[in-house]
């Protein structure tokens with residue numbers, strides 16, 4: 001599993017519309033891509049115009065070049081791109097052995 | 107649930123020792139903190155000295171001031187702090203409705 005980590009900044013005041021759009025983009029476009037496992041969007045508490053889009057792919061190649069060079073990438077960007085205040089900063093991460101859950105609630 | 111997102115840069119060449127240390131710090135110190143749910147560490151693919159520490163807490167206050175002002179914070183920093191190339195950038199995030207899993211594998 002590979003984590004796609006997209007650090008997103010949106011225009012002020014567009015939170016509700018952006019959250020609706022990215023939910024739609026995730027469920028109608030990204031969820032159908034090859035190698036997609038799961039995706040979620042988190043809203044910044046200190047930085048209210050900052051979002052993290054966290055997507056789990058089977059492999060790095062499923063995201064790039066796979067999804068990035070598919071026709072569906074343009075569909076996705078048409079849905080979410082208008083909200084971006086600047087280009088998202090995207091990097092990928094791999095799991096390490098450091099993972100702990102609370103024994104009672106994790 | 108609140109996500110603590112710590113963006114960490116370590117000194118070159120210290121990956122294996124850092125990963126051992128942060129796994130130990132997570133399991134021996136952070137996992138015992140009040141309000142802790144789960145924690146994991148992801149290693150950068152493009153930026154090999156970059157790590158994300160992602161911790162789920164019940165509430166923002168469980169992390170700060172809770173854990174941050176407890177005696178255990180010094181224990182944690184004694185374990186992982188020596189590896190930091192610069193102070194970690196820590197912000198908090200809240201879930202949004204935008205969450206999708208693959209129906210077959212998510």
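Protein chains in written order, with the working numbering: chain A, 1 to 106; chain B, 107 to 212. Built from N, CA and C at the ideal position, the CB exists for glycine as well.
With three or more beta-carbon pairs closer than 8 angstroms as the criterion, would you say the stretch 165 to 178 of chain B touches the stretch 118 to 131 of chain B? Flag = no, the stretch 165 to 178 of chain B and the stretch 118 to 131 of chain B do not touch.
To be precise: take each residue of the stretch 165 to 179 of chain B, compare its Cβ to all Cβ atoms of chain A, and keep it if any distance is under 8 angstroms. Which residues remain? 166
Contacts around residue 128 of chain B, its chain only, beta-carbon distance under 6 angstroms, and the 5 residues preceding and following it disregarded: 147 and 186
Tell me, please, whether the CB atom of residue 143 of chain B is closer than 8 angstroms to any CB atom in chain A? Residue 143 of chain B counts as touching chain A.
Which residue spans inside the stretch 128 to 186 of chain B form an unbroken alpha helix (DSSP H) run of at least 4? 177 to 186
Straight-line CA distance for residue 120 of chain B to residue 9 of chain A? Rounded to whole angstroms, residue 120 of chain B to residue 9 of chain A spans 32 angstroms at the Cα level.
Checking the sheet assignment: what are the DSSP bridge partners for residue 6 of chain A? A:53 and A:90
Could you have a look at residue 204 of chain B and say whether DSSP puts it in helix, strand or coil? Secondary structure at residue 204 of chain B: strand, using DSSP grouped into helix, strand and coil.
Could you name the residues of the same chain whose beta carbon sits closer than 7 angstroms to that of residue 165 of chain B, not counting the 5 residues immediately before and after it, in chain order? 108 and 141
Here's the rule I'm using: 16 or more other beta-carbon atoms within 10 Å means buried, otherwise exposed. How should residue 206 of chain B be labelled? Buried, since its Cβ has 16 or more Cβ neighbours within 10 Å.
8 angstroms Cβ cutoff met for residue 85 of chain A and residue 6 of chain A: no
Span separating the alpha-carbon of residue 139 of chain B from that of residue 197 of chain B: 19 angstroms
With 16 as the cutoff for other CB atoms within 10 Å, does residue 203 of chain B come out buried or exposed? exposed
CA-to-CA distance, residue 174 of chain B to residue 30 of chain A, given in whole angstroms: Cα to Cα, residue 30 of chain A sits roughly 37 angstroms from residue 174 of chain B.
Beta-carbon proximity check, residue 77 of chain A vs residue 200 of chain B, cutoff 8 angstroms: In this structure, residue 200 of chain B does not lie closer than 8 angstroms to residue 77 of chain A by Cβ.
Check the DSSP bridge columns for residue 190 of chain B and list the partner residues they point to. Answer is B:116.
Which same chain residues, not among the five before or five after residue 145 of chain B, have their C-beta less than 8 angstroms away from its C-beta? By the criterion of a C-beta distance shorter than 8 angstroms, residue 145 of chain B is surrounded in its chain by 132, 136, 137, 159, 160, 161 and 162, once the five residues flanking it on both sides are discounted.
Name, please, each residue of chain A whose Cβ falls closer than 9 angstroms to the Cβ of residue 125 of chain B. 96, 97 and 98
Indicate whether residue 37 of chain A and residue 208 of chain B have their beta-carbon atoms separated by less than 8 angstroms. Annotated as proximal: residue 37 of chain A and residue 208 of chain B, with beta-carbon spacing under 8 angstroms.
Taking its Cβ as the centre, do 16 or more other Cβ atoms sit within 10 Å of residue 46 of chain A, making it buried, or is it exposed? exposed
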